Amino acid sequence: MAFRRVLAVTAAACGLAGGSVLLSSVAIGKQQQVAVSKAGGDAPDPASPPPPASPPGLLLLPSPAASCPAAPGWLERNNGACGYWDSNWDRREPVALINLKKKNEETGEQELSSRLDHYRAKATRHIFLIRHSQYNLDGRSDKDRTLTQLGREQAELTGKRLASLGLKFDKIVHSSMTRASETTNIISKHLPGVKKVSTDLLCEGAPIEPNPPISHWKPEAVYYEDGARIEAAFRNYIHRADIKQEEDSYEIFVCHANVIRYIVCRALQFPPEGWLRMSLNNGSITHLVIRPSGRVALRMLGDTGFMPPEKITRT
Numbered sequence: 052m053a054f055r056r057v058l059a060v061t062a063a064a065c066g067l068a069g070g071s072v073l074l075s076s077v078a079i080g081k082q083q084q085v086a087v088s089k090a091g092g093d094a095p096d097p098a099s100p101p102p103p104a105s106p107p108g109l110l111l112l113p114s115p116a117a118s119c120p121a122a123p124g125w126l127e128r129n130n131g132a133c134g135y136w137d138s139n140w141d142r143r144e145p146v147a148l149i150n151l152k153k154k155n156e157e158t159g160e161q162e163l164s165s166r167l168d169h170y171r172a173k174a175t176r177h178i179f180l181i182r183h184s185q186y187n188l189d190g191r192s193d194k195d196r197t198l199t200q201l202g203r204e205q206a207e208l209t210g211k212r213l214a215s216l217g218l219k220f221d222k223i224v225h226s227s228m229t230r231a232s233e234t235t236n237i238i239s240k241h242l243p244g245v246k247k248v249s250t251d252l253l254c255e256g257a258p259i260e261p262n263p264p265i266s267h268w269k270p271e272a273v274y275y276e277d278g279a280r281i282e283a284a285f286r287n288y289i290h291r292a293d294i295k296q297e298e299d300s301y302e303i304f305v306c307h308a309n310v311i312r313y314i315v316c317r318a319l320q321f322p323p324e325g326w327l328r329m330s331l332n333n334g335s336i337t338h339l340v341i342r343p344s345g346r347v348a349l350r351m352l353g354d355t356g357f358m359p360p361e362k363i364t365r366t
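Following the numbering used here, the numbering of the sequence shown begins with 52 at its first residue and continues without gaps.
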């Protein structure tokens, strides 16, 4: 009997507008059971009163679009809604890479299918995002914010951990800031032969105003300037493999906590305003996987399990 009651509530949920529902174990009275059973897909009984807008035990959630904050001008929402996967998030979906107007009408769909296959990625990209090690917070300028002794030890441990994975890393891309460059130099000693590339795009900054807001954080102008740059870093480095890439790749990006947290939110198509809800340790490893289909998975977030507890910091 209890099982049938749950089924009745579930059926009513499917017939109501609003989409997502949460069901609780609230008992349903006899009169309410009748109303619910008549809302399960059959034609309504004109002699019966209309069912309540929100039956007991049923909580209607707001639509995804209603919960999405307005995006800055440089940030695109996925079809104007949150919670729905955009398969063309990196603008590398095969159909987006060809000019449909040039389609040969004689061969029609067969030629289109062949052309789409030509533009499909074949390889998987493994992105390892490394937060820099502990550094001197008292430095007045970037060049003075060098790694501490503990920070150098953390970088050694991170380098050893990456080497122990036995992967053929293709390159190390790092922020041009001093603490990231020094961390990269130490890590690279454990990965001989892997080329290093420096970029200003991955420098630390304020990617987007966080939600919930932080009253003591940054003025709007800082988000406006830093956000566009960090978004450019995301678009430039985080995407599915090039169609010419035949084998899976393993790439390391050494940068900063704010940048990594923002990239994770964007890659998973989570609201990027939530970036500040995550915390990353110094020298931590975050692992993103981007499949040829464009699907993205987070294998690891801020891992420092390879460090002794006394070596772990977040400064």
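Don't be surprised by glycine CBs; every beta carbon is placed ideally from N, CA and C.
On a predicted model such as this, the values are computed, not experimentally measured, just so you know.
Alpha-carbon spacing of residue i relative to residue j, whole angstroms
i, j, result
"E271", "E260", "8 Å"
"R317", "T234", "25 Å"
"L218", "I336", "14 Å"
"E324", "P264", "9 Å"
"N189", "T199", "Correcting the residue identity first, residue 189 is Asp in this sequence and not Asn. Their Cα atoms are separated by approximately 11 Å."
"T364", "E207", "15 Å"
"N333", "G353", "9 Å"
"P258", "R286", "13 Å"
"I311", "M329", "10 Å"
"Q205", "Y301", "22 Å"
"S232", "C306", "9 Å"
"S344", "K246", "28 Å"
"W268", "G256", "12 Å"
"N262", "R166", "43 Å"
"E297", "Y170", "13 Å"
"S192", "L148", "44 Å"
"P322", "A172", "26 Å"
"N309", "T197", "19 Å"
"V248", "A284", "14 Å"
"L213", "S164", "40 Å"
"G278", "T366", "22 Å"
"E162", "D299", "28 Å"
"I281", "V146", "27 Å"
Secondary structure of residue i, DSSP reduced to three states
i, result
"S184", "coil"
"D137", "coil"
"G325", "helix"
"R203", "helix"
"L198", "strand"
"A62", "Any reading at A62 needs caution, since the residue's pLDDT is 46, under 50, leaving its predicted position unreliable; the model's value is listed next. Reduced to three states, the DSSP call for A62 is helix."
"F34", "Any property of residue 34 remains undetermined from this structure, which presents the chain solely from 52 to 366."
"K222", "strand"
"R176", "strand"
"E144", "coil"
"L163", "helix"
"T366", "coil"
"G210", "helix"
"P193", "Pro is not the amino acid found at residue 193; the sequence shown has Asp there. D193: helix per DSSP, three-state reduction."
"R280", "helix"
"Q320", "coil"
When the options are compared against residue i, the one with the closest alpha-carbon
i, options, result
"S266", "H225, T235, G334, L327", "L327"
"R176", "A279, W268, A348, A231", "A348"
"D168", "K269, A284, I294", "I294"
"I314", "L216, V146, L331, S300", "L331"
"Y135", "Q320, S215, P343, V340", "Q320"
"W179", "E361, P359, M351, T355", "Note that residue 179 is Phe in the sequence shown, not Trp. Ranking the options by Cα distance to F179, first place goes to M351."
"H241", "F220, C306, A147", "F220"
"S138", "R342, R166, T366", "R342"
"P243", "L201, I223, G256", "I223"
"Y339", "F304, S239, E361, N309", "Tyr is not the amino acid found at residue 339; the sequence shown has Leu there. The shortest C-alpha separation from L339 is found at F304."
"N401", "R203, D195, F357", "Because residue 401 is not part of the residues shown, which for the chain are 52 to 366, the question remains open."
"K211", "M358, L201, P322", "M358"
"I238", "T209, A279, E162", "T209"
"A174", "R346, T355, A214, G356", "R346"
"P360", "L201, G278, V248, I281", "L201"
Residue i Cβ short of 7 Å to the ligand SAH heavy atom set
i, result
"L253", "The ligand SAH is absent from the structure shown, which contains no ligand whatsoever."
Please confirm if the segment 274 to 281 is in contact with the segment 184 to 199, defined as three or more CB-CB distances below 8 Å between the two stretches. no
Okay, do the segment 132 to 144 and the segment 288 to 296 touch, 3+ Cβ pairs below 8 Å being the bar? yes
Note down, one range per segment and in chain order, each alpha helix (DSSP H) of at least 4 residues found wholly within the segment 224 to 277. 229 to 239
Quick one: any contact between the segment 223 to 231 and the segment 243 to 258, if contact means 3 or more CB pairs under 8 Å? yes
Give, in chain order, every unbroken run of the alpha helix (DSSP H) that is at least 4 residues long and sits entirely within the segment 291 to 318. 308 to 318
3 or more residues per run - each beta strand (DSSP E) lying fully within the segment 325 to 358: 336 to 341, 347 to 354
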